Amino acid sequence: DYDPLRMADCLLQTADDLCAYKDDRYQFLLKGVNALLYAATYYLRIGETYRSMECFNAYGKLVKSFSCGFCYEAFVLGADICYVMGQYEQSIGFLQQFCEKHRLDDEVLSFFGSLLCHQGQYEQGREKFLEILTKHPNHPEAAINLALVDAFVKSGNKTDMGIDYLQHLYYG
109 DYDPLRMADC LLQTADDLCA YKDDRYQFLL KGVNALLYAA TYYLRIGETY
159 RSMECFNAYG KLVKSFSCGF CYEAFVLGAD ICYVMGQYEQ SIGFLQQFCE
209 KHRLDDEVLS FFGSLLCHQG QYEQGREKFL EILTKHPNHP EAAINLALVD
259 AFVKSGNKTD MGIDYLQHLY YG
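Take the position in the sequence shown, starting the count at 1, then add 108; the result is the number in this note's numbering.
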């Protein structure tokens, strides 16, 4: 039976050696590299953020060393891990890199918009919500977030509405 956590553990233990040797004979191991993403997601969900970051970093080393390209999930997972760790600027960086290479789905755009607003980049966050509404005019979350950010900016960022808005973005 294929056990992704066991495969991830094996890759974690050997990632540095595999990258140092860059021997094409080990290329077959890269078929299991997504097990590291699975493990990183699993550990993030159960609250083991450090272990999640460890798996994610090993994934990044292997992908860079063997030039096999980051997948969609890697950028979003990296942003999630950094967000949970309170590293908001790094989280935004992951999403910006991803935007350069891929088209974002509504869920990622909404997360990105909320994260930008949380960091005080209201106009950029607003643009992400508008992008969703251009494709899906009745998207409820994007409509609510757009209305909240507009009201927040209009209020001069000094009212209780500002605190309520940030709490809504942060806690949902």
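Note that beta-carbon positions come from the ideal geometry of N, C-alpha and C, so glycine has one too.
Every value quoted in this text rests on a predicted model; they were computed, and no experiment measured them.
(request) Would you mind working out which of Ala-166, Ile-189 and Gly-186 sits nearest Val-141, comparing C-alpha positions? (result) Comparing Cα positions, the closest option is Ala-166.
(request) Alpha carbon to alpha carbon, how far is Leu-256 from Gln-205? Give it in angstroms, no decimals. (result) Between the alpha carbons of Gln-205 and Leu-256 lies a distance of about 27 Å.
(request) Use the C-beta contact count for Leu-224: other C-beta atoms within 10 angstroms, 16 or more gives buried, fewer gives exposed. (result) Under this definition Leu-224 is a buried residue.
(request) Compute the distance between the beta-carbons of Glu-197 and Ser-218, then report whether it is under 8 Å. (result) Result no, Cβ atoms of Glu-197 and Ser-218 do not sit closer than 8 Å.
(message) By the three-class DSSP mapping on this structure, what secondary structure does Gly-264 have?
(response) DSSP places Gly-264 outside both helix and strand once states are collapsed to three, so it counts as coil.
(request) Kindly indicate which residue of Asn-246, Glu-181, Gly-201 and Phe-220 has the alpha-carbon position closest to the one of Glu-235. (result) The shortest C-alpha separation from Glu-235 is found at Phe-220.
(message) Just to confirm before moving on: does the CB-CB distance between Ser-60 and Ile-200 stay below 8 Å?
(response) This structure cannot speak to residue 60, because the chain is shown only from 109 to 280.
(request) Measure the C-alpha to C-alpha separation of Phe-260 and Glu-181 and round it to an integer number of angstroms. (result) Spanning the alpha carbons of Phe-260 and Glu-181 requires a straight line of approximately 32 Å.
(request) In the DSSP assignment, find the alpha helix (DSSP H) that holds Asn-142 and state where it starts and stops. (result) Asn-142 -> alpha helix (DSSP H) spans 142 to 153.
(request) Could you pull the start and end residues of the alpha helix (DSSP H) that Glu-231 belongs to? (result) Per DSSP, Glu-231 belongs to the alpha helix (DSSP H) from 230 to 243.
(request) Assign Met-161 to one of three DSSP states: helix, strand, or coil. (result) In the structure shown, Met-161 sits in a helix (DSSP, three-state: H, G or I).
(message) Looking at Ile-240: is its Cβ nearer than 8 Å to the Cβ of Asp-214?
(response) Yes, these two residues count as a Cβ contact at 8 Å.
(request) Figure out for me which residue from Glu-162, Gly-168, Leu-185 and His-226 has the closest Cα to the Cα of Thr-149. (result) Of the candidates Glu-162, Gly-168, Leu-185 and His-226, the one whose C-alpha sits nearest the C-alpha of Thr-149 is Leu-185.
(message) For Gly-168 and Gln-195, what's the separation of their Cα atoms in angstroms?
(response) C-alpha separation (whole angstroms): 18 Å.
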